[in-house]
Amino acid sequence: MRLDRRFAGALAITTAAAIALTGCTKKNESPDTGASGAAGGKTYKVAFVPKLQGVPYFEAMNAGGKQAAQAL
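Counting from 9, one number per residue, gives the positions in the sequence shown under my numbering.
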């Protein structure tokens with residue numbers, strides 16, 4: 009019983025320290041240009057993966073996605 013309390017206490021302290029230390033990291037000063045931002049003349053490939061073929065919901069999603077991809 010005493011060992012369980014010590015283990016739980018050590019686990020709680022370790023978890024609290026890990027959470028507190030995650031705030032000590034630095035943010036990236038220059039963001040990754042591929043992750044966000046304007047297109048800037050780049051071409052993109054858009055892929056849709058429907059769960060099931062022939063289901064009207066997924067067919068409508070695919071058609072709408074194709075229209076939105078052409079607008080990009």
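Ideal placement from N, C-alpha and C gives every residue a C-beta, glycine not left out. Treat the numbers as computed from the prediction; the structure is a model and nothing was measured.
Item, Value
"Return the residue from the list Tyr52, Val63 and Arg14 that minimises the CA-CA distance to Gln78.", "Tyr52"
"Rounded to the nearest angstrom, how far is the Cβ of Gly73 from that of Val54, given a contact under 8 Å?", "7 Å"
"Which residues in the same chain have their Cβ closer than 7 Å to the Cβ of Leu60, if we skip the five residues on either side of it in sequence?", "Phe66"
"When DSSP labels each residue in this structure, what does Gly49 get in the three-state scheme?", "coil"
"So for Gly62, helix, strand or coil by DSSP?", "coil"
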